[in-house]
Amino acid sequence: MEPAGILEHNHRLSLREFPYIIRWSDERCKRCGMCTAVCPVKAIEPQVELRRTVHSSAPLPEPVETRKVTYIVKQVIDIERYCTGCGTCTLVCPNEAIEPEYNPQHKFYHFKNKAGEPYKRGGRRNDPSLSTLDRIKFTRISMLTDPALDAGRHEFRIRTLLGRILSPEELPLKTQDGRLIVSNDTFIPPVREIYPIMIGSMSVGALSPPMWEGLAMGVAYLNEVMGMPVVMCSGEGGMPPRLLKSRYLKYFILQIASGYFGWDEIIHALPHMVEDPCAIEIKYGQGAKPGDGGLLMSYKVLKLIASIRGVPMFVDLASPPTHQTKYSIEESVAKMIQSMSMAWGFRVPVFPKISGTKTARAVLNNLARNPYAAALSIDGEDGGTGAAYNVSLDKMGHPIASNIRECYMDLVRQGKQNELPLISAGGVGKKGNLAANAAALIMLGASGVSVGKYIMQATAECFGDELNRCNLCNTGRCPRGITTQDPKLYRRLDSEKVAERLVEVFRSADIELRKIFAPMGRSTELPIGMSDGLSIDDKAMAERLEISYAC
Amino acid sequence: MCRLIAITSSEYFSPMENIITLETMKEGHDGSGMGLILKDLGGEFKEFRDYPILSGICSKDGYKAFEGHMKMLGFQERHMWSPSIRQVKGVVRRDHYFAKVYQYPESYLDKTTKEKEDLLLKTRLTLRGMGEEDESIVVFSFYPDVITVKEVGDPLTLGEFFGFDKSPLKARLIMAQGRQNTNYQINLYACHPFFIQGYSTMTNGENTAFVPIREFLMSRGFPGYIGYQSDSEVFTHILHYTVRQLGYPLTYYKDIITPLKDAEISQRPDRDALLLLRASLRMLTIDGPNVVIGFTPDGTCFMIQDSKKLRPGVVGGIKGRYALVSEECGLDRAIPERDRTKDIFPMKYDMVIVSPEAEEVKVWSQQAS
Numbered sequence: 000m001e002p003a004g005i006l007e008h009n010h011r012l013s014l015r016e017f018p019y020i021i022r023w024s025d026e027r028c029k030r031c032g033m034c035t036a037v038c039p040v041k042a043i044e045p046q047v048e049l050r051r052t053v054h055s056s057a058p059l060p061e062p063v064e065t066r067k068v069t070y071i072v073k074q075v076i077d078i079e080r081y082c083t084g085c086g087t088c089t090l091v092c093p094n095e096a097i098e099p100e101y102n103p104q105h106k107f108y109h110f111k112n113k114a115g116e117p118y119k120r121g122g123r124r125n126d127p128s129l130s131t132l133d134r135i136k137f138t139r140i141s142m143l144t145d146p147a148l149d150a151g152r153h154e155f156r157i158r159t160l161l162g163r164i165l166s167p168e169e170l171p172l173k174t175q176d177g178r179l180i181v182s183n184d185t186f187i188p189p190v191r192e193i194y195p196i197m198i199g200s201m202s203v204g205a206l207s208p209p210m211w212e213g214l215a216m217g218v219a220y221l222n223e224v225m226g227m228p229v230v231m232c233s234g235e236g237g238m239p240p241r242l243l244k245s246r247y248l249k250y251f252i253l254q255i256a257s258g259y260f261g262w263d264e265i266i267h268a269l270p271h272m273v274e275d276p277c278a279i280e281i282k283y284g285q286g287a288k289p290g291d292g293g294l295l296m297s298y299k300v301l302k303l304i305a306s307i308r309g310v311p312m313f314v315d316l317a318s319p320p321t322h323q324t325k326y327s328i329e330e331s332v333a334k335m336i337q338s339m340s341m342a343w344g345f346r347v348p349v350f351p352k353i354s355g356t357k358t359a360r361a362v363l364n365n366l367a368r369n370p371y372a373a374a375l376s377i378d379g380e381d382g383g384t385g386a387a388y389n390v391s392l393d394k395m396g397h398p399i400a401s402n403i404r405e406c407y408m409d410l411v412r413q414g415k416q417n418e419l420p421l422i423s424a425g426g427v428g429k430k431g432n433l434a435a436n437a438a439a440l441i442m443l444g445a446s447g448v449s450v451g452k453y454i455m456q457a458t459a460e461c462f463g464d465e466l467n468r469c470n471l472c473n474t475g476r477c478p479r480g481i482t483t484q485d486p487k488l489y490r491r492l493d494s495e496k497v498a499e500r501l502v503e504v505f506r507s508a509d510i511e512l513r514k515i516f517a518p519m520g521r522s523t524e525l526p527i528g529m530s531d532g533l534s535i536d537d538k539a540m541a542e543r544l545e546i547s548y549a550c
Numbered sequence: 000m001c002r003l004i005a006i007t008s009s010e011y012f013s014p015m016e017n018i019i020t021l022e023t024m025k026e027g028h029d030g031s032g033m034g035l036i037l038k039d040l041g042g043e044f045k046e047f048r049d050y051p052i053l054s055g056i057c058s059k060d061g062y063k064a065f066e067g068h069m070k071m072l073g074f075q076e077r078h079m080w081s082p083s084i085r086q087v088k089g090v091v092r093r094d095h096y097f098a099k100v101y102q103y104p105e106s107y108l109d110k111t112t113k114e115k116e117d118l119l120l121k122t123r124l125t126l127r128g129m130g131e132e133d134e135s136i137v138v139f140s141f142y143p144d145v146i147t148v149k150e151v152g153d154p155l156t157l158g159e160f161f162g163f164d165k166s167p168l169k170a171r172l173i174m175a176q177g178r179q180n181t182n183y184q185i186n187l188y189a190c191h192p193f194f195i196q197g198y199s200t201m202t203n204g205e206n207t208a209f210v211p212i213r214e215f216l217m218s219r220g221f222p223g224y225i226g227y228q229s230d231s232e233v234f235t236h237i238l239h240y241t242v243r244q245l246g247y248p249l250t251y252y253k254d255i256i257t258p259l260k261d262a263e264i265s266q267r268p269d270r271d272a273l274l275l276l277r278a279s280l281r282m283l284t285i286d287g288p289n290v291v292i293g294f295t296p297d298g299t300c301f302m303i304q305d306s307k308k309l310r311p312g313v314v315g316g317i318k319g320r321y322a323l324v325s326e327e328c329g330l331d332r333a334i335p336e337r338d339r340t341k342d343i344f345p346m347k348y349d350m351v352i353v354s355p356e357a358e359e360v361k362v363w364s365q366q367a368s
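If you read the protein sequences in the order shown, they are chains E and H. Heads up: the first sequence begins at 0 in numbering that gives the first Met the number 0, then just goes up one per residue. Heads up: the second sequence begins at 0 in numbering that gives the first Met the number 0, then just goes up one per residue.
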């Protein structure tokens, strides 16, 4: 029987409670210490162990006891230093002696919340299931009397328009000598022709300098060498002043969020800009934490970031959930769009980004009546790179598929389906199907898609996944050097390689889009709203999305 | 593959010429229907040029309801043509086939052409709605100087069924399509050519962007943009929308359904307008495979290819008689006396335009215009 007193260690957690358990092999380990040195969360450490062994070498048992001090690698049982499963240890181990193993029975979330601070993290949702987008198939294949287009031989024009488009009835055209000419007395809103997959808002600050630089280089290469007008959103936090004054600015969408971080630099650079930015995105919401503001945690506010954003070092940079200077969404949409448009002489499309929500249609209708609103970007629940509370990631927000569909159908009913482009984001490429997810959203009614996490994963070999593997983005301890401001970590990342991978990602996606659009019989225009090409294996979903059911 | 033939002439001719041309182009099993549209009518209709003609099919009950409705609206019947039906194998006879000439209701006599056109359209749509459920009333067109005939069956058999070989029915512009049914159940309204307020087109091919185009047109708020039993009906409505509703010259129809690329647009003198059109009307872009043959209210005929030219099409003839055909052998049959070296095979940038009464033919190039 146990003594009736308190069991020693009764309040310590066992390793079984942790989401990842380190499998370490005594035999294979050569004790080089690399794994413990690279572990971003210090979940493993070298320890000494006193081992007692009993053996007998005589013909008859003559047990001999030996005691030996040995060096081991041990997982720490500390909820603050839990193994995130990133696998950097495995990457550096010369003998394959160590690897984290996912523990599906973990009770991590029961114990993590401490000191009134619920668990928050960066990265992907805790949902490894197939998303609606991944369940959609393209089932209308031109075949019998109507030959499918040849993705390899026919000309394709995979482009979309960003900017408010005048309805045909409003076009300021008149006929002269059998030709149409444009009369100059009407305001024609600026419209950009861009690639329908754009890089979503990830800020300088959220991303490390080489990561951001790599993406920017890749985008410039795609535009100038590959002829693909891919654009990327700056995210909140501004941009390096040299870039603002460079000719590359036209490939960037500048984001203004409620914290206005980095906008001093942008405003100061305005008179020196040689190009207009592609567009201005006003961030009201994001898919990772709908209704919640942005948060760049103090660990990431190092010197460079502090100087770009014009803030002290090592302070949390919280953007409030709303633009605090505005009274309501109606007011803010109208005023901010107006003032941002005015700042660039009405030459730049200005549009808001909101979280996927049941009220998205209300915002949409507000915008549809605003002649200066250039688009609406809707970020479905499945997003996030910055610090988000787990509960926000898991439980808040609206999946993008039905949200974008109902918004598009709302525009169709008003005859404005081509006037206000819808940009959708949230879970695009979650399972690696970037082109298929993008095509599905376009055929549900989006004019283009924004992609963030997939780009990080595919261009910089990010470890994060939906089983909460790694997902350290918010802490500034990214083992890959993607989302950190610590030079020791970000020096691991080669910006040239990021740029190279980005170009590869887009070139491949382009081929895949052709392989989808060609059998659909679409090549010169995007199949926006071509919902008859889609099917899904669930009747209720099919009904909700107004597409066909196939199983 | 469907067969298409439009003949435009300075002389009156019988629809049988179109039907025989369709027969020449026949391939395999493709006799699931025929549509005929006659414009600039001769014979018994010559004196009724300015009076609207309603073309339709009715059951016995439907006919009563239809007549009652027309009377109620104040339309006075002036003349009626109905084919002398010859029972032939393979065609199921319906009760009433007719084309009726009406006088406008008294209150409309002094109204503008546009108001009259809207009345005719509204009336046609109401009648169509009245008989849609049980197919008791089927109305194809209601417009001055235009007759439409459609039925399910092989075109040659249908020619005999309607007695066109003996009928004095003649016109100066006739379009016909021999239909290969690829769209599920055969529906009379799905048969080409389609007609709306003086504009008509017929198509060979498939319109892959049908759904967004249909949604775009239906959301324009124009009452005539309904129906869409065929994916190609939208081509007629795009033509109507471009020329009548937006008031653009005919050639812009080509620019709307098959917009040019940036570099090509920059070569055009009207580039600024084209860029606006391409953006504002991008939902109406087609990707083919399509050849579109059609006419406008003034009797101008045209042929257009999709931007990849995935369907055949040829135009040829002599001054005073031109044919726009989907197969060259059809042209040989329709106008054998022409100079074959002058045949026009429109390519992806071309729009072949034949002026009214086949006065002249010209090729308008989208690229260099």
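Ideal Cβ placement from N, Cα and C applies to all residues, glycine included.
Could you give the distance in angstroms between the alpha-carbon of residue i and the alpha-carbon of residue j?
i: M197/E; j: M15/H; result: 57 angstroms
i: Y251/H; j: C85/E; result: 59 angstroms
i: L187/H; j: G152/H; result: 11 angstroms
i: E43/H; j: T147/H; result: 16 angstroms
i: R2/H; j: V313/H; result: 12 angstroms
i: A57/E; j: K67/E; result: 21 angstroms
i: S423/E; j: P296/H; result: 44 angstroms
i: A438/E; j: L512/E; result: 7 angstroms
i: D537/E; j: S376/E; result: 27 angstroms
Give a yes or no on whether 8 angstroms exceeds the smallest Cβ distance from residue i to chain H.
i: M210/E; result: no
i: S166/E; result: yes
i: V349/E; result: no
i: S522/E; result: yes
i: G177/E; result: yes
i: I252/E; result: no
i: N417/E; result: yes
i: T174/E; result: yes
i: S200/E; result: no
Please confirm if residue i has its CB atom under 8 angstroms from at least one CB of chain E.
i: K307/H; result: yes
i: M215/H; result: Note that residue 215/H is Phe in the sequence shown here, rather than Met. Interface residue, yes.
i: R85/H; result: no
i: A278/H; result: yes
i: K165/H; result: no
i: L238/H; result: no
i: L245/H; result: yes
i: L157/H; result: no
i: D342/H; result: no
i: S218/H; result: yes
i: K25/H; result: no
i: L40/H; result: no
i: A175/H; result: no
Could you give the C-beta distance for residue i and residue j, rounded to a whole number, given that I count them as a contact under 8 angstroms?
i: G608/E; j: A373/E; result: As displayed, chain E neither begins before 0 nor continues past 550, which places residue 608/E out of reach and without an answer.
What residues in the stretch 280-298 of chain H bring their beta carbon closer than 7 angstroms to a beta carbon of chain E? L280, R281, M282, T284, D286, P288
Which ranges would you report for the beta strand (DSSP E) in the stretch 76-145 of chain H if only whole runs of at least 3 residues count? 95-102, 136-143
Within 7 angstroms of chain H by C-beta, residues of the stretch 530-547 of chain E in sequence order: S530, D531
Could you run through the stretch 201-212 of chain H and flag, in chain order, every residue whose CB is less than 8 angstroms away from some CB of chain E? G204, E205, T207, A208, F209, V210, P211
What are the start and end residues of each continuous alpha helix (DSSP H) run of 4 or more residues lying completely inside the stretch 252-328 of chain E, in chain order? 262-268, 302-308
With a floor of 3 residues, list each beta strand (DSSP E) that falls wholly inside the stretch 414-469 of chain E, ordered by position along the chain. 421-424, 447-450
Listed in chain order, which residues of the stretch 324-345 of chain E have Cβ atoms closer than 8 angstroms to some Cβ of chain H? none
Mind listing, in chain order, the continuous alpha helix (DSSP H) runs of no fewer than 4 residues lying wholly within the stretch 195-238 of chain E? 208-223
Mind checking the stretch 73-99 of chain H against chain E and listing, in chain order, the residues whose C-beta falls within less than 8 angstroms of any C-beta there? none
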